[in-house]
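Working notes, beginning with the structure itself.
Residue numbers (my numbering): 25 to 599.
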């Protein structure tokens with residue numbers, strides 16, 4: 025007898041954990057997939073399921089080199105399940121259990137590749153919260169991060185230190201802030217990554233104890249013994265395992281750091297190889313043999329001019345190029361996959377801190393990142409709270425938070441413009457959010473090139489309204505009066521679009537230079553551009569979210585509420 029659900033025929037159980045059972049299955053076309061069922065008997069309220077939907081929606085946008093793609097899901101049926109791509113290969117836990125700890129070179133390659141995958145996850149606005157050796161697959165194409173926390177409990181570790189056994193997750197790989205039920209950000213994943221790399225290097229958990237309770241105490245109060253971990257990964261793991269999340273590097277910073285080390289090692293090995301091939305071999309006295317120079321005019325495409333500012337020293341030609349790539353990613357099936365990974369890793373320029381080698385910026389689970397050498401800044405906020413946002417005027421709206429959603433309830437016939445704690449260096453910026461509305465009549469939006477101050481601020485704003493309009497609005501004060509100038513009004517139906525109540529949409533706004541003192545404003549919905557306008561730019565450089573309420577007496581008599589999830593502001597590169 026075979027188990028079948030939603031057209032997927034389950035063949036055999038692959039494993040189970042505290043939250044679900046994983047099966048290898050086949051779809052209608054006969055392709056292998058993975059189906060994970062939420063364990064029966066567990067309660068899943070609407071808030072928890074909505075959060076799972078949001079997170080798996082974000083996970084499905086992560087690049088294929090970072091995770092197993094989410095293919096299908098049914099979270100509203102009697103037996104909720106998630107279907108994802110089948111990725112062949114062992115987990116880190118399985119690989120180390122079978123073959124022992126990794127050598128120094130393979131450990132460095134693994135650290136670089138997993139950090140890059142995690143950076144992609146974070147750029148999609150996802151915090152995994154359960155990074156561990158059994159949740160990282162070593163596929164032929166490189167590491168894949170799996171299991172994005174099905175049936176996440178919003179009360180995770182509410183009293184973990186005082187109630188042993190109430191922990192959801194893997195105690196030895198949890199962060200101190202998870203254990204203490206503090207605010208969780210992407211820094212939590214970095215801590216867990218440090219523990220995972222420790223396991224890869226030693227075959228042991230980073231924190232031990234006779235019980236889960238003792239392990240959790242160790243996570244919060246003790247330092248891992250790194251003596252058996254070789255450099256240069258040892259110092260990287262030590263930084264990942266810092267107890268204070270603000271002192272840990274971001275995943276993107278870790279990528280740049282490890283990539284620079286890898287490039288430096290490759291440059292030295294390439295130089296030695298070139299000298300050996302050309303006869304530039306030093307004698308016992310340390311001098312070159314007569315008649316052989318050490319120079320070279322060749323170049324290596326993997327670390328040459330196109331590899332970006334972090335590609336390392338000037339390269340020299342190296343024999344055995346495929347062997348070099350396979351050293352970088354020892355688990356790759358061949359040089360092609362490894363070459364792709366090397367190119368991706370060395371070209372990573374996003375992520376990091378606004379200050380060189382500085383920590384992440386925390387507050388409302390926010391991250392301020394920059395590429396190397398003054399590249400454009402990016403601000404990401406999961407909107408778990410907005411304590412560091414400004415202009416949340418209670419006379420204009422009530423702003424609260426539930427899970428990872430900022431809920432905005434504007435007062436009747438009023439607007440509000442919460443301003444992000446990030447100001448780009450110019451008005452050239454791209455903003456994005458996931459948004460939806462509930463009942464009533466009003467609009468949701470993004471704004472740039474201005475201020476959220478209702479009493480004296482100006483701004484360019486874009487909106488989607490319950491009347492099925494896409495708007496670009498120039499908002500400003502003139503002789504003390506607020507002006508709401510709708511410069512573009514587009515009927516969504518004319519574009520074949522419709523946005524219903526409680527329907528989540530991806531909304532983005534791009535503000536770019538259009539000549540001296542002028543700005544071009546563009547609005548896109550679910551990746552489709554729906555409106556564009558060019559006008560005069562304002563002086564202020566703030567940006568943020570917006571919502572307005574048409575009337576307290578709409579046809580259904582219901583209030584209007586706006587919900588926002590994940591806000592990202594990215595400076596545009598100079599053209």
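For every residue, glycine included, the Cβ atom is placed at its ideal position computed from N, Cα and C.
In three-state terms, what does DSSP make of residue i?
i: residue 278; result: helix
i: residue 423; result: strand
i: residue 269; result: helix
i: residue 469; result: strand
i: residue 215; result: helix
i: residue 407; result: coil
i: residue 342; result: With a pLDDT of only 28 at residue 342, under 50, the local geometry of the prediction cannot be trusted, and no value is derived from it.
i: residue 522; result: coil
i: residue 573; result: strand
i: residue 490; result: coil
i: residue 447; result: coil
i: residue 116; result: helix
i: residue 195; result: helix
i: residue 157; result: helix
i: residue 374; result: Only weak support is given to the placement of residue 374: the predicted model assigns it a pLDDT of 33, under 50, and the value that follows is read from those uncertain coordinates. Three-state result, residue 374: coil.
i: residue 557; result: strand
Residue i: buried (16+ other C-beta within 10 angstroms of its C-beta) or exposed?
i: residue 152; result: buried
i: residue 589; result: buried
i: residue 255; result: exposed
i: residue 37; result: exposed
i: residue 518; result: exposed
i: residue 232; result: exposed
i: residue 416; result: buried
i: residue 206; result: exposed
i: residue 52; result: exposed
i: residue 515; result: exposed
i: residue 449; result: exposed
For residue i, which residues in the same chain have their Cβ closer than 8 Å to its Cβ, ignoring the five residues on either side in sequence?
i: residue 220; result: 116, 138, 155, 156, 157, 160, 197
i: residue 146; result: 210, 213, 274, 275, 276, 375, 391, 404
i: residue 103; result: 29, 61, 62, 64
i: residue 538; result: 544, 558
i: residue 583; result: 433, 463, 464, 573, 576
i: residue 246; result: 231
May I ask which residues mark the beginning and end of the beta strand (DSSP E) holding residue i?
i: residue 506; result: 505–515
i: residue 169; result: 166–169
i: residue 61; result: 56–62
i: residue 498; result: 493–502
i: residue 109; result: 105–109
i: residue 131; result: Careful: residue 131 lies outside any beta strand (DSSP E), inside the alpha helix (DSSP H) at 128–147.
i: residue 548; result: 542–549
i: residue 437; result: No beta strand (DSSP E) holds residue 437; DSSP gives it neither H nor E.
i: residue 91; result: Careful: residue 91 lies outside any beta strand (DSSP E) and carries neither H nor E.
i: residue 32; result: 32–40
With a threshold of 6 Å on Cβ separation, who are the neighbours of residue i within its own chain once the five nearest residues in sequence on each side are excluded?
i: residue 310; result: For residue 310, the predicted model reports a pLDDT of 33, less than 50, meaning its position is unreliable and no value from the coordinates is stated.
i: residue 586; result: 432, 461, 468, 571
i: residue 163; result: 111, 113
i: residue 218; result: 261, 264, 265
When you compare each of the options to residue i by their alpha carbons, which one comes out closest?
i: residue 32; options: 44, 46, 50; result: 50
i: residue 224; options: 165, 247, 136, 551; result: 136
i: residue 564; options: 477, 549, 429, 168; result: 477
i: residue 283; options: 132, 195, 234; result: 132
i: residue 253; options: 230, 530, 280; result: 230
i: residue 202; options: 262, 163, 268, 263; result: 268
i: residue 447; options: 239, 409, 208, 400; result: 400
i: residue 601; options: 107, 257, 550; result: An answer regarding residue 601 cannot be provided, because it is not within the stretch 25 to 599 covered by the chain.
i: residue 124; options: 413, 429, 216, 227; result: 227
i: residue 472; options: 110, 487, 429, 466; result: 487
i: residue 500; options: 535, 509, 466; result: 509
i: residue 532; options: 458, 278, 506; result: 458
i: residue 242; options: 200, 521, 442; result: 200
If I follow the unbroken alpha helix (DSSP H) through residue i, where does it start and stop?
i: residue 241; result: 236–245
i: residue 261; result: 257–264
i: residue 589; result: Careful: residue 589 lies outside any alpha helix (DSSP H), inside the beta strand (DSSP E) at 585–595.
i: residue 203; result: 200–203
Report all residues from its chain with a CB closer than 7 Å to the CB of residue i; omit the five preceding and five following residues, and keep chain order.
i: residue 525; result: 461, 462, 463
i: residue 474; result: 481, 482, 483, 484, 562, 564, 566
i: residue 11; result: A question about residue 11 goes unanswered here, because the residues of the chain that appear run from 25 up to 599.
i: residue 435; result: 420, 421, 573
i: residue 550; result: 529, 530
i: residue 444; result: 403, 405, 413, 567, 568, 591, 593
i: residue 451; result: 472, 473, 535, 543, 561, 565
i: residue 597; result: 400
Taking 8 Å as the cut-off, is the C-beta of residue i nearer than that to any heavy atom in the ligand ATP?
i: residue 587; result: Annotation note on the ligand ATP: not contained in the displayed structure, which lists no ligands.
Between residue i and chain B, is there a C-beta pair that is closer than 9 Å?
i: residue 455; result: Included in the structure is just one protein chain, with no chain B present.
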